[in-house]
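For reference, the structure is listed below as structure tokens.
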Amino acid sequence: MKLKNDLLIRTALGEKVDRPPVWLMRQAGRILPQYRALRGKLSGFKELVETPHLAAEVTIQPVDELGVDAAIIFSDILVIPEAMGLTYEMVEKKGPLFPETIKSGADIDKLISGADAASHLKYVYDALETTVKELDGRVPLIGFAGAPWTILAYMVEGSGSKTFSKAKKFLYAEPALAHQLLQKITDTTIAYLKLKVKSGANLIQVFDSWAGILSPIQFRTFALPYLKQIATAIDNVPVTVFAKGAWFAYQDLEHVDCNVVGIDWNTPPMYAKTWLKTKVCQGNLDPCQLYGHPDEVRAAALKMVKEFGGKHIANLGHGVYPDTPLDNVRVFVDTIKGYSY
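Encoded structure:
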């Protein structure tokens, strides 16, 4: 389907554009009253993820409400371990919980992977196809997955964590098993993302949410090789890699076969541009900036786009927080849309 607004795609491909495109990570969520109203009628988060027409509805809500330049399919990175055989629960106000975790080689051997595992996620592909149909080419649709290290972190730790010390211990104590698990996750993720593209995704984003808790050596050993595999395997659409907190890895990410690199709010734009010479940058406004006065939000948004000076997708340095004032989100989006190079 031909896109009526292809600004995001042209920017990701490095083409000259009149202004930066703008969207927000976690834009389909609790900042929107219509999302909260729908969630209140459901049993929980997973029901929403696993019901295609509902996932499509909330994916499109921010396009209608905010006028952003892209939609991102409403889903969860943890559908991958679940498809591999490791079920998780989403506990309200606490986050994900895995009743069983990966502790041994026998646990890894039990997991299915690749196309076999990816075939269990039909509800995601159905949601993509429904969303594409309902968007009718208004904006591109982003498909996403968690990076292998981030997925391993949850599968070993069993829940969210400030340190993921169990998962990091696994890397140090059982490196061979870690690589075995990472490869299974990678094979599944590649198959999954290819099916997402087949189902209508116009761009793929890989979230390495916990990259920043690794040392540079650990990142190059346990994260980078698998990010490279995924980025190289995805063709026909642009690819974004967002390794949150991994400012130390930009020199490495410059050599990953992706188009866009996500920048968190701790990284000065000039530093990112120094190392990411051939990449388009995405981000990096502090999500908490949107709690400020509207004039400050406007000034910060303009400062960001001016500092990147082109080859930039306007976004936050992480997902928008649930209690962010909706009017300030509008200020951010409208400021970017009113800017011209």
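To convert a position in the sequence shown, counted from 1, into the numbering used here, add 1424.
Each residue gets a CB set at the ideal place from its N, CA and C atoms; glycine is no exception.
- At a Cβ-Cβ threshold of 9 Å, M1514 and F1469 count as neighbours.
- Taking one beta carbon from each stretch, the stretch 1685-1692 and the stretch 1657-1671 have 3 or more pairs nearer than 8 Å; the two touch.
- Straight-line spacing of the CA atoms in A1635 and I1658 works out to 21 Å.
- Here K1608 is not near S1543, since their CB atoms are 9 Å or more apart.
- Within the stretch 1684-1744, the runs of beta strand (DSSP E) at least 3 residues long that lie entirely inside it are, in chain order, 1684-1686, 1704-1706.
- For E1581, there is no enclosing beta strand (DSSP E); the residue is part of the alpha helix (DSSP H) that begins and ends at 1572-1581.
- The Cβ atoms of F1756 and L1448 lie closer than 9 Å to each other.
- A straight line joining the alpha-carbon of W1573 with that of A1625 spans about 23 Å.
- Of the other Cβ atoms in all chains shown, fewer than 16 fall within 10 Å of the Cβ of I1641; this residue is therefore exposed.
- In this structure, the beta-carbon distance from T1525 to G1438 does not fall below 9 Å.
- With a cutoff of 9 Å on beta-carbon distance, T1555 and A1480 are scored as near each other.
- Cβ-Cβ separation between V1441 and A1738: approximately 12 Å, too far for a contact (criterion under 8 Å).
- Residue burial is scored here from C-beta neighbours: K1534 has fewer than 16 other C-beta atoms within 10 angstroms and is therefore classed as exposed.
- With fewer than 16 other beta carbons inside 10 angstroms of its own, P1746 counts as exposed.
- The three-state reading of DSSP puts L1462 in helix, counting H, G and I together.
- Looking at the backbone, the Cα of R1434 and that of P1564 are separated by about 11 Å.
- Under the three-state reduction of DSSP output, V1621 falls in the helix class.
- DSSP, reduced to helix, strand and coil, places I1496 within a strand of the structure shown.
- Distance between L1619 and V1492, taken at the CA atoms: about 25 Å.
- Between the alpha carbons of T1612 and G1741 lies a distance of about 27 Å.
- Taken through DSSP and simplified to helix, strand or coil, G1538 comes out as helix.
- For P1476 and H1736, the gap between their C-alpha atoms comes out near 32 Å.
- Taking all protein chains shown into account, P1505 has 16 or more neighbouring C-beta atoms within 10 Å of its C-beta and is therefore buried.
- Annotated three-state conformation of V1515 is strand, per DSSP.
- Here A1667 carries a strand assignment [DSSP, helix/strand/coil].
- The shortest C-alpha to C-alpha distance from F1732 to any of Y1765, L1638, T1748 is the one to Y1765.
- The beta carbon of V1661 sits closer than 7 Å to the beta carbons of V1621, A1625, N1626, L1627, I1628 from its chain, once the five residues preceding and following it are set aside; these are given in chain order.
- S1633 and G1570 do touch by the CB rule: their CB atoms are close to 7 Å apart, below 8 Å.
- Exposure of D1488 is indicated by the presence of fewer than 16 other C-beta atoms within 10 angstroms of its C-beta.
- Judged by DSSP secondary structure, V1630 falls within the beta strand (DSSP E) whose first and last residues are 1627-1632.
- When only Cα atoms are considered, T1759 and L1726 end up about 7 Å apart.
- Around the C-beta of Y1616, 16 or more other C-beta atoms lie within 10 Å, and the residue is accordingly described as buried.
- When the five nearest sequence neighbours on each side are left out, the beta carbons in the same chain lying within less than 6 Å of the beta carbon of K1652 are those of V1680, in order along the chain.
- Per DSSP, D1747 lies in no alpha helix (DSSP H) and is assigned neither H nor E.
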